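Some notes on the structure that comes next.
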Amino acid sequence: MERTTGILWHDQQQLRPLLVAFAISLAFHLLLFTAIDLGSRAGFWQFTPFGMLAKALGLDPNRLQLSKQLLQSPASADRTTASKPQEEEMPRLFVDVDPSQATDETPPNTAYYSPFNSLAANPDTSRDTGTPKIDGTQDKVLKTKDTLRPIAQPQPLQPAQPPPNQPEEESSPQEAKQQIPPPVVAQPIKPVQPSEPPQPPGETLMARATPVMPKIDASSFFPTETGENKQAHTRYRRVADALAARQINPYSALVGEKFKQDGGVKRYSISSSVDVRASPFGSYDARFIAAVQQCWYALLEEHRYSLDRMGKVVLEFRLTSDGRITEMRVVESDVGEIFTTICELAVTKPAPYEKWPADLRKIVGTDYRDVRFTFYY
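Quick note: the working numbering has the sequence shown finishing at residue 449, numbered continuously throughout.
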């Protein structure tokens with residue numbers, strides 16, 4: 073029994089030095105790591121030979137940490153955003169702005185662009201909702217003024233047909249030479265004019281002031297009028313006067329009626345306007361839209377479209393810097409295959425369009441633009 077106790081005591085004597093050495097090593101390492109961490113935070117190790125060598129090699133931890141913070145700072149993020157192409161910051165929705173509504177002040181934070189700047193305004197300033205009130209009739213295309221569809225010009229080589237009750241002497245000599253042989257022109261039949269009753273001055277001046285238009289009165293420019301309202305309107309001596317009275321912009325690139333929108337802003341104007349920013353793309357896109365729209369109307373006339381199909385067609389394509397159309401695809405259509413094809417032809421048939429100006433190519437940065445075009449039937 074005494075021998076067994078002596079063996080156990082001898083084993084404990086051998087393990088004690090190992091435990092003491094382990095405890096000392098653990099305490100030493102903890103103290104070393106603590107000193108290194110405190111010295112690094114206090115900057116004590118910058119002046120050691122190893123610290124100076126790290127600086128010479130560009131491995132300074134403080135410098136690396138500072139660089140990382142600069143990359144993540146808001147100022148650096150602003151510089152990164154500013155280095156992006158300008159196209160991402162520009163508005164992307166074209167809005168037709170009447171030149172009479174143009175302003176020198178640029179509106180902030182707007183999604184619309186045009187050849188001109190315009191500010192949101194309306195006649196009624198009693199409300200302030202952030203969006204102007206527009207008294208229109210449709211809710212699909214943003215327009216602040218009604219624009220009539222351009223009347224097709226007659227053939228230059230075809231003489232104008234005189235009215236049925238009007239004597240032949242009112243035709244010009246050039247037209248008489250084209251349609252009647254010289255012996256017939258010399259016939260003295262034309263003094264019959266005094267027997268004709270005098271025409272109203274408004275209609276006569278309107279027809280002769282714009283010889284490229286068919287003979288119509290001012291009321292025919294407004295298809296939405298009823299018979300009762302037509303009698304109540306004033307008869308204007310010029311078509312331009314009639315258009316101005318109805319706040320119609322005859323020089324607009326986008327034909328259509330005013331947009332209907334509820335709201336109100338504090339800025340006063342006789343006619344409603346929206347926040348639109350002038351863009352270098354404004355003039356080019358206005359001419360592009362006008363060309364597409366003119367071709368679209370011509371194709372609809374060829375197919376005798378008579379409002380028998382209602383809906384819309386959305387196309388996406390690329391407009392290259394030399395005016396070509398590529399990668400055409402139909403995104404949405406609910407008007408059938410025929411009228412969808414008409415929309416595609418309205419875009420591709422007038423191509424190639426005019427080339428981009430040099431400043432547009434610099435702004436875009438590429439040789440093409442991705443365009444989304446919507447047609448409403």
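Beta carbons: idealized from backbone N, C-alpha and C, even for Gly.
Nothing here was measured: the structure is a model prediction, and the numbers come from that model.
For leucine 387, name the three-state secondary structure that DSSP assigns. Three-state DSSP puts leucine 387 in a strand.
Could you check what DSSP says for aspartate 342 in three-state terms: helix, strand or coil? A quick correction: the sequence has isoleucine, not aspartate, at residue 342. Residue state for isoleucine 342 is assigned as coil, using DSSP reduced to three classes.
Find the nearest neighbour of tyrosine 425 within the set Arg390, Lys434, Phe447, Ala370, judged by alpha-carbon distance. If we check each option's Cα against that of tyrosine 425, Arg390 comes out closest.
Quick one: Cα of threonine 209 to Cα of proline 180, how far? Counting only the Cα atoms, proline 180 lies some 28 Å from threonine 209.
Counting C-beta neighbours from all protein chains within 10 Å, is the total for threonine 446 16 or more, i.e. buried, or is it exposed? The C-beta of threonine 446 has fewer than 16 other C-beta atoms within 10 Å across all chains shown, which makes the residue exposed.
Classify arginine 113 as helix, strand or coil using the three-state DSSP reduction. DSSP places arginine 113 within a helical segment (H, G or I) once states are collapsed to three.
Select from Thr203, Asn194, Arg164, Lys384 the residue whose C-alpha is nearest the C-alpha of proline 187. Minimum Cα-Cα distance from proline 187 among the listed residues Thr203, Asn194, Arg164, Lys384 corresponds to Arg164.
Buried or exposed: which applies to valine 403, given that a residue is buried once 16 or more other Cβ atoms fall within 10 Å of its Cβ? So valine 403 counts as exposed.
Nearest residue (CA-CA) to tryptophan 428, options Asp357, Gly383, Arg401: Minimum Cα-Cα distance from tryptophan 428 among the listed residues Asp357, Gly383, Arg401 corresponds to Asp357.
So the alpha helix (DSSP H) isoleucine 361 belongs to, where does it begin and stop? Here the alpha helix (DSSP H) through isoleucine 361 covers 354 to 374.
Could you give the first and the last residue of the continuous beta strand (DSSP E) run that contains isoleucine 24? With the chain running from 73 to 449 in the structure shown, residue 24 is simply not present.
First and last residue of the alpha helix (DSSP H) that includes aspartate 431? Aspartate 431 -> alpha helix (DSSP H) spans 430 to 436.
Would DSSP call serine 97 helix, strand or coil? Per DSSP, reduced to three states, the secondary structure at serine 97 is helical.
Please classify arginine 339 as buried or exposed, where buried requires at least 16 other C-beta atoms within 10 Å of its C-beta. So arginine 339 counts as exposed.
Using a 10 Å radius around the Cβ and a threshold of 16 neighbouring Cβ atoms, would you call alanine 193 buried or exposed? Taking every protein chain shown into account, the CB of alanine 193 has 16 or more other CB atoms within 10 angstroms, so this residue is buried.
From the DSSP output, read off the bridge partner residues of arginine 46. The displayed coordinates of the chain run from 73 to 449. Any statement about residue 46 would go beyond what the structure contains.
Count Cβ pairs between the region 203 to 217 and the region 329 to 336 that sit closer than 8 Å; are there 3 or more? Under the 8 Å Cβ criterion, the region 203 to 217 counts as touching the region 329 to 336, having at least three qualifying pairs.
Cβ-Cβ distance between valine 337 and proline 171 below 7 Å: Contact flag unset, no.
List the residues that DSSP assigns as beta-bridge partners of tyrosine 448. In DSSP, tyrosine 448 forms a bridge with Lys384.
Neighbourhood of lysine 395 by C-beta distance below 7 Å, restricted to the same chain and skipping five residues each side: Correcting the residue type first, residue 395 is glycine in the shown sequence and not lysine. For glycine 395, where only same-chain residues beyond five positions count, the Cβ hits under 7 Å are Ala423, Pro424, Tyr425, Glu426, Lys427.
List the DSSP bridge partners of phenylalanine 166. Bridge partners of phenylalanine 166: Tyr185.
Please name the residue, chosen from Ser343, Gly437, Thr420, Met162, that lies closest to lysine 215 on a Cα-to-Cα basis. Check the Cα spacing between lysine 215 and each of Ser343, Gly437, Thr420, Met162: the tightest is with Ser343.
What does the alpha-carbon distance come out to for the pair phenylalanine 353 and serine 393? Straight-line Cα distance between these residues: approximately 12 Å.
Can you list, in chain order, the residues of its chain with a C-beta nearer than 6 Å to that of glutamine 366? Leave out the 5 residues immediately preceding and following it. Only residues of its own chain outside the window of five on either side were considered, and among them none has a CB closer than 6 Å to the CB of glutamine 366.
Please state if the CB of tyrosine 448 and the CB of lysine 217 are separated by a distance shorter than 7 Å. No, the Cβ-Cβ distance between lysine 217 and tyrosine 448 is not below 7 Å.
Just the Cα atoms here: how many angstroms apart are methionine 400 and glutamate 373? Methionine 400 and glutamate 373 have their C-alpha atoms spaced approximately 24 Å apart.
Kindly indicate which three-state DSSP category glutamate 177 falls into: helix, strand or coil? Residue state, collapsed to three classes: coil.
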